[in-house]
Amino acid sequence: MPAVTHPPHKSGDFFVDYEEKLFEDVKAEPGEKALVTFHTVAFEGSIGLVNLLQATRLQRKGYETSVLLYGPGVLLGVQRGFPKIGDEAFPGHQNFNNQIKKFLAEGGKVYACRFALQALYGHGEPSLIEGITPISPLDVLDVVLIHKRANAVILDTWTL
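Just so we're on the same page, the working numbering is the position in the sequence shown counted from 1, plus 780.
This is the structure in structure tokens:
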């Protein structure tokens, strides 16, 4: 049997060189926009949280950033908690809601499709996190087209 002679890792050790950055730190030119769309099953993977973090980063880089929640993605924007709305049942339980609130507080815009909210998931507009703007299902395509026309950065998120 081969012997392991390497000392065990301990708290504070580094596994990778996290300080090296190969690419320039891109910042938005005045008036540049970004759109992050979510047609994703909320809480079924990390993509919802990762792209909310990306949206926040785009906002901080100076892009006028919007988030579009449609289809199952609207559930990312619904208030939650247990036993009461806003309560965190376990550490990290409110990470999606907290990230959306932070994004909104930093000037980002979040839109949620009314059709998905009501017809698919049985929620009304009062269920949304404060600051999210409900939109007509006919606006879902138009918000994408408006951003395409503006030559915006667009991150589309689709999961099944």
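Even glycine gets a Cβ: it sits at the ideal position worked out from N, Cα and C. Owing to the predicted nature of the structure, the values given are computational and were not obtained by experimental measurement.
Cβ neighbour criterion (16 or more within 10 Å) applied to residue i
i: ASN931; result: exposed
i: PRO852; result: buried
i: LEU925; result: exposed
i: GLY792; result: exposed
i: HIS789; result: exposed
Same chain only: Cβ atoms within 6 Å of residue i, ignoring 5 sequence neighbours per side
i: PHE803; result: none
Contact set for residue i: own chain, Cβ-Cβ below 8 Å, skip 5 residues either direction
i: GLU868; result: GLY861, GLN874
Own chain residues within Cβ distance below 7 Å of residue i, not counting five before or after
i: VAL821; result: PRO852, THR939
i: GLN839; result: THR845, PHE883, GLU886, GLY887, GLY888
Host beta strand (DSSP E) of residue i (start-end)
i: LEU815; result: 813 to 819
i: LEU884; result: Note, LEU884: premise wrong, no beta strand (DSSP E); alpha helix (DSSP H) at 875 to 885.
i: VAL847; result: 844 to 849
Residue range of the alpha helix (DSSP H) that includes residue i
i: LEU802; result: LEU802 -> no alpha helix (DSSP H), and no H or E assigned at all.
i: LEU829; result: 827 to 840
Quick one: any contact between the stretch 818 to 832 and the stretch 898 to 910, if contact means 3 or more CB pairs under 8 Å? In short, these stretches do not touch, since the Cβ pair count stays below three.
May I ask you to verify whether the stretch 933 to 940 touches the stretch 888 to 899, counting CB pairs closer than 8 Å and requiring at least 3? no
Contained alpha helix (DSSP H) runs [length at least 4] in the stretch 890 to 940, N- to C-terminal order: Counting only runs of 4 or more, we get 917 to 929.
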